[in-house]
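S.K.: According to the working numbering, the sequence shown is numbered sequentially starting from -13. Encoded as structure tokens, here's the structure I'll be asking about.
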Amino acid sequence: MDHAQSAEHARTVVITGASAGIGRAVVRGFTARGDRLALIRAHSRSVRLWASQHHDTLGAAAQRTAAAVALRASRCS
């Protein structure tokens, strides 16, 4: 079954833990639907590397955005 959407109906989906396990499977599912993706992992280099290695899987519909996520409790207070 073809789930691809037109660009005007595509959603933007933010996925955390995108380069491994369940996150990777979720990426594939939303990519198959034609959605735009923002891939987030704690280490931006690992998500950029994974995205570049899986360009064929992600396809043109995926917007690969590497974001470094760091919690700094000392700066939050």
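Positions of the beta carbon are idealized from the N, C-alpha and C atoms, including for glycine.
For the alpha helix (DSSP H) that Arg14 lies in, which residues bound it at each end?
M.R.: Run containing Arg14: Gly7 to Arg19, per the alpha helix (DSSP H) assignment.
S.K.: What's the C-alpha gap between Thr2 and Val12?
M.R.: Whole-angstrom Cα-Cα distance: 10 Å.
S.K.: Tell me, to the nearest whole angstrom, how far the beta carbon of Thr(-2) is from that of Arg14; I am working on the premise that it is less than 8 Å.
M.R.: With 8 Å as the limit, Thr(-2) and Arg14 do not qualify as a contact, their Cβ atoms being about 17 Å apart.
S.K.: Buried or exposed for Ile8, going by 16 or more other Cβ atoms inside 10 Å?
M.R.: With fewer than 16 Cβ atoms within 10 Å of its Cβ, Ile8 is classed as exposed.
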